[in-house]
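J.: Here's a structure for you.
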Ligand SMILES: C[S@@+](CC[C@H](N)C(=O)[O-])C[C@H]1O[C@@H](n2cnc3c(N)ncnc32)[C@H](O)[C@@H]1O
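Numbering (this note's numbering), first residue to last: 4 to 356.
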């Protein structure tokens, strides 16, 4: 018998453009699959080693035959490992990012994005016509107003901001220079994660976490927990009305990008009124075209488009905005990550005609 020739082994080729596009288009399904995995704490349950699908399904009270299909999809994305013959699941290269509290975890972002951002994005088409953020149309009110109506939503949002701070913004916080700064106000400082970090690094620093009253309410416990409550106070208020006065440095981390230029100018106006004469202003933000990888800034810009009135800004946009509020842009510090530190100095008020 003549042995049959072995099947030719296909040489790997780059995926066809249609396949690449289908993966992008399918992103909405993968997002939801990741949400289910995050909510069911699958990655947490694998922290001590492999488990079978049946064990995971029982622990999470999910249907095993359906969970198996979901995990197989996420295994193809590098989130889990799946050994089909043994029906065994392990953590994949990205698995730790869904583990609660693990270094590099964005599990809280998975929960927040799918619970608050996912639905509004179905309205993006209309936003491109009328300019109303899709979230405002979906929720019937501006996003931050909606958030403030439910303590559970605030907790989810603050948890996600904490994840962002410890991951994509960690480099930026490390790059913040506070030489000579004695007092600092963190505008929109949420639960105090950032200022606690800076206070631990700078033992003589005193400061205030300033945010909406229902958001900053979480900060005292966090500051006590980090051992800095004797130096860092908290204050609730509205940064469109007034911010704490007299500090020699004001920090706004990931705040001004939430607002359009007119709104950002009002916030900067309140900082200008409150700040000491030569006070420094530090913005931790993306600078479009300057962070790495650059697509974080453009993706965040899309988030702003759908959720809020804000936008990500270029270096020139920042310079102009700051100048219009009588601050001088001193320099933009690259941080090795997607965020930059924009350093500015308060200038005397110019008389405007
Ligand atoms: C994108 S979050 C950034 C939080 C934090 N700085 C961080 O980097 O994780 C924006 C913050 O601005 C706060 N904020 C929104 N509107 C505000 C207002 N009118 N007055 C004070 N804070 C406000 C929100 O509550 C939220 O904590």
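We put the beta carbon where it would ideally sit given N, CA and C, even for glycine.
State the DSSP-derived secondary structure class of residue 38, mapped to helix, strand or coil.
T.: Residue state, collapsed to three classes: helix.
J.: Is it true that the CB of residue 102 sits closer than 8 Å to the CB of residue 91?
T.: Contact: no.
J.: Less than 8 Å between the CB atoms is what I'm expecting for residue 167 and residue 176, so what's the real figure, rounded?
T.: Not confirmed; about 11 Å, so no contact.
J.: Measure the CB-CB distance between residue 225 and residue 194 and report whether it falls below 8 Å.
T.: Taking 8 Å as the Cβ cut-off, residue 225 and residue 194 qualify as a contacting pair.
J.: Residue 258: beta carbon under 7 Å from a heavy atom of ligand 1?
T.: Because some heavy atom of ligand 1 lies under 7 Å away, the Cβ of residue 258 counts as near it: yes.
J.: Quick one: using the 10 Å Cβ neighbour count with 16 as the cut-off for buried, is residue 128 buried or exposed?
T.: It is exposed - the Cβ of residue 128 has fewer than 16 other Cβ atoms within 10 Å.
J.: Quick one: using the 10 Å Cβ neighbour count with 16 as the cut-off for buried, is residue 106 buried or exposed?
T.: It counts as exposed.
J.: In the DSSP assignment, the alpha helix (DSSP H) including residue 249 goes from what residue to what residue?
T.: No alpha helix (DSSP H) contains residue 249, which DSSP labels as neither H nor E.
J.: Which residues share a DSSP beta bridge with residue 16?
T.: According to DSSP, residue 16 bridges with nothing at all.
J.: On the criterion of 16 or more Cβ atoms from any shown chain inside 10 Å, does residue 139 qualify as buried, or is it exposed?
T.: With 16 or more Cβ atoms within 10 Å of its Cβ, residue 139 is classed as buried.
J.: Under DSSP, the alpha helix (DSSP H) around residue 59 begins and ends at which residues?
T.: Start and end: 56–63.
J.: Just to confirm, is the Cβ distance from residue 296 to residue 341 under 8 Å?
T.: Cβ atoms of residue 296 and residue 341: closer than 8 Å.
J.: For residue 192, is the beta carbon positioned less than 7 Å from some heavy atom of ligand 1?
T.: Yes, the Cβ of residue 192 comes within 7 Å of a heavy atom of ligand 1.
J.: Could you tell me whether any non-hydrogen atom of ligand 1 is closer than 7 Å to the CB of residue 218?
T.: True, at least one ligand heavy atom lies under 7 Å from that Cβ.
J.: What are the residues that DSSP puts in a beta bridge with residue 177?
T.: In the DSSP output, where bridge partners are listed per residue, residue 177 has none listed.
J.: Taking the straight line between their C-alpha atoms, what separation do you get for residue 149 and residue 116?
T.: Looking at the two C-alpha atoms, the distance is approximately 15 Å.
J.: Could you check whether the Cβ of residue 271 sits closer than 7 Å to any heavy atom belonging to ligand 1?
T.: It does not: the Cβ of residue 271 is nowhere closer than 7 Å to a heavy atom of ligand 1.
J.: Quick one: which unbroken alpha helix (DSSP H) runs of 4-plus residues sit fully inside the stretch 60–132? Chain order, please.
T.: As far as the stretch 60–132 is concerned, its whole alpha helix (DSSP H) runs of at least 4 residues are 67–79 and 110–115.
J.: Whose C-alpha, out of 32, 142, 205 and 152, is nearest the C-alpha of residue 123?
T.: Checking every option, the nearest Cα to that of residue 123 belongs to 142.
J.: Apart from the five residues just before and just after residue 279, which ones in its own chain have a Cβ nearer than 8 Å to its Cβ?
T.: Cβ neighbours of residue 279 beyond the five flanking positions: 249, 250, 251 and 349.
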